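**Student:**
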Amino acid sequence: MIENELGPLLALLDRTTRVAVLTGSGISAESGIPTFRGEQGLWRQFRAEELATPQAFERDARLVWEWYDWRRGIIGRAEPNEGHRTISAWQEVFPSFSLITQNIDGLHERAGSRDPVELHGNIWKLRCLREGTVTESREVPLRSLPPLCPGCGAMLRPHVVWFGEALEGRVLEEAFRRSASCDVMFVVGTSAIVHPAASLPLAAADSGAKIVEVNPDPTPLSRTADLVFRGKAGQILPLIQQKLIQKLRP
Ligand code: OAD
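Residue numbers (this note's numbering): 4 to 253.
Pasting the structure below:
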């Protein structure tokens, strides 16, 4: 079945210079990082409103930080997979390439991707509640919970977007700019239900881009997508890459 989609995809990519990729937690699933809504998903085990809202942080900053510290541990032990590596290789394959991710795990950059738009922030970054300054710390586990700003001693929070918070304006603008200026957008490993991220493929399609979904399961985007690859990112993306290379160097 996947073979049936490969021909049309290669034909499409032949006419394409500008490629964008939007990823969600599914791309990191094969690295051992839990997704949010699957059977083993984080939101099946934890209540978002107790751990991922500004109110939760006000109520119990230590509890929220313990949860992020646990996630930092999982992510810190994880390695980028073939899916991340293929996306990183595409920077050199397509004349214009851009990456937008909902993930906070930083695995795209570790795989070599330059300049991803991180819509929901980054778990390795901490933000001072008083000054708003953002610092990076790879310490796992964190020595002090909650951690304090080295500059002013105020409490630090994870530099991530919580439920009920707006995405950073310039980050969102850049994501829409990239979406509206591509010919093909790959949408990989996202349930495509959390907005505004889920609006990006729609914006791309409105601007004339073709949408290619890579996901083992159907999503609300599947109906709109021009091509759908039902499978794991770590298998499908390298397969696409292999066919692209074969085509370039038969
Ligand atoms: P979800 O957990 O909602 O969706 C993960 C998607 O990945 C599902 O559609 C799975 O079918 C798919 N998937 C699972 N394994 C895969 C694999 N190996 N290859 C490809 N796809 C696979 O995660 P997101 O869509 O990322 O936001 O969730 C979006 C946002 O909701 C997150 O950024 C987070 C969450 O609440 C915030 O925390 C602000």
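A virtual CB, placed ideally from N, CA and C, is assigned to each residue, including glycine. Just so we're clear, the structure is a prediction, and the values are computed from it rather than from any experiment.
1. Which residues in the same chain as P153 place their Cβ atom closer than 8 Å to its Cβ, once the five residues preceding and following it in sequence are excluded?
2. Could you say if the stretch 50–67 and the stretch 30–37 meet the contact criterion of at least three C-beta pairs nearer than 8 Å?
3. With contact counted as at least three CB pairs below 8 Å, one residue from each stretch, are the stretch 134–148 and the stretch 209–226 in contact?
4. Would you mind stating whether V187 and A23 have Cβ atoms separated by less than 9 Å?
5. Please determine whether the Cβ atom of I214 lies at a distance below 8 Å from any heavy atom of the ligand OAD.
6. Going straight from the alpha carbon of Q249 to that of L16, what length do you get?
7. Look at the alpha carbon of R117 and the alpha carbon of R181, and state the distance between them as a whole number of angstroms.
8. So, for R65: in the same chain, excluding its five sequence neighbours on each side, which residues have a beta-carbon less than 7 Å away from its beta-carbon?
9. Which two residues bound the contiguous alpha helix (DSSP H) that contains T89?
10. Give me the residue from D229, G172 and E85 with the minimum Cα distance to I243.
11. Could you tell me the alpha carbon to alpha carbon distance between A236 and A55, rounded to whole angstroms?
12. So, is G192 buried or exposed, given that buried needs 16 or more other C-beta atoms within 10 angstroms?
13. Short of 7 Å in beta carbon distance, which residues of its chain neighbour T89, apart from the five on each side in sequence? Order them along the chain.
14. Cβ of V217 within 8 Å of any heavy atom in the ligand OAD?
15. For S31, which three-state DSSP category applies?
**Tutor:** Let's see:
1. Within the sequence shown, residue 153 is the residue found at index 150, counting from 1. Result list for P153: T138, in chain order.
2. no
3. no
4. Position 184 of the sequence shown, counted from the first residue, corresponds to residue 187. Position 20 of the sequence shown, counted from the first residue, corresponds to residue 23. A contact, by the Cβ cut-off of 9 Å.
5. For the purposes of this step, residue 214 is identified with residue 211 of the sequence shown, where counting begins at 1. No, the ligand OAD has no heavy atom inside 8 Å of this Cβ.
6. Counting from one through the sequence shown, the residue named residue 249 turns up at place 246. Counting from one through the sequence shown, the residue named residue 16 turns up at place 13. Answer to the nearest angstrom: the Cα atoms are 13 Å apart.
7. What you label residue 117 is simply residue 114 of the sequence shown in a count that begins at 1. What you label residue 181 is simply residue 178 of the sequence shown in a count that begins at 1. C-alpha separation (whole angstroms): 14 Å.
8. Locating residue 65 in the sequence shown gives position 62, counting from the first residue. Hits under 7 Å: L148 and P149.
9. By one-based count along the sequence shown, residue 89 stands at place 86. Taken as a continuous stretch (DSSP letters only), the alpha helix (DSSP H) holding T89 covers E85 to V96.
10. Your numbering for residue 243 matches position 240 in the sequence shown. That would be E85, whose Cα lies nearest to the Cα of I243.
11. As a first step, residue 236 is located in the sequence shown; it is residue number 233 there, counting from the start. As a first step, residue 55 is located in the sequence shown; it is residue number 52 there, counting from the start. Whole-angstrom Cα-Cα distance: 27 Å.
12. In the sequence shown, the residue the question calls residue 192 occupies position 189. Its Cβ being crowded by 16 or more others within 10 Å, G192 is buried.
13. Taking the sequence shown and counting its residues from 1, one reaches residue 89 at position 86. These residues qualify, in order along the chain: L240, P241 and Q244.
14. In the sequence shown, the residue the question calls residue 217 occupies position 214. Because some heavy atom of the ligand OAD lies under 8 Å away, the Cβ of V217 counts as near it: yes.
15. Translated into the one-based positions of the sequence shown, residue 31 becomes position 28. Helix at S31.
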